[in-house]
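*Asks:* One structure, pasted below without further comment.
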Amino acid sequence: TPEQSQEQSRQGRKRERSPENEMNIDETDNNTNKMKKQRLSRSLSRFSSRSVRPLHIVVPGEGLRDSAQKIKAMKLAKNAVKKRNKAARRGEADRVIVNLKPKHLYSGKRSKGKNQRR
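full-length UniProt numbering puts the first residue of the sequence shown at 1, with every later residue one more than the last.
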């Protein structure tokens, strides 16, 4: 019937093997093994670009004798920052109103003590 033929044409079909691929079965197996090994092997390590100079190398005009002196200066700077950060206080931006009390419930209700007589 025409309805069945339309249903069959709508259905997806698996790709049929072409005769060319059947000839090279052993080669394709080798290729798939190679691809699998490549996928599972360790990825290539990224190397640093040449434009970026290592931090410990002294550049003329920095005021340091050699790389050892520069490394020492970097360590001292790091420790100074660490100490400063330890003693850091809450800044203005860190202020939070901890609990919002509903003022309309508390206002005007003076209980016990001197507040009654004022």
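Beta carbons are placed, not taken as given, at the ideal position from N, Cα and C, and that holds for glycine.
Note that this is a predicted model, so its numbers are computed, not measured.
Decide if the segment 56-67 is in contact with the segment 77-87; the criterion is three or more beta carbon pairs, one per stretch, under 8 Å apart.
*Replies:* No: the two stretches stay apart, fewer than three of their Cβ pairs being nearer than 8 Å.
*Asks:* Can you tell me where the alpha helix (DSSP H) holding Val98 begins and where it ends?
*Replies:* Element bounds for Val98: n/a, residue is neither H nor E.
*Asks:* Could you spell out where the alpha helix (DSSP H) holding Arg53 opens and where it closes?
*Replies:* First-last for Arg53: undefined, no H or E at that position.
*Asks:* Between the alpha carbons of Ala87 and Ala93, how many angstroms are there, rounded?
*Replies:* If I take the Cα positions, the gap works out to 17 Å.
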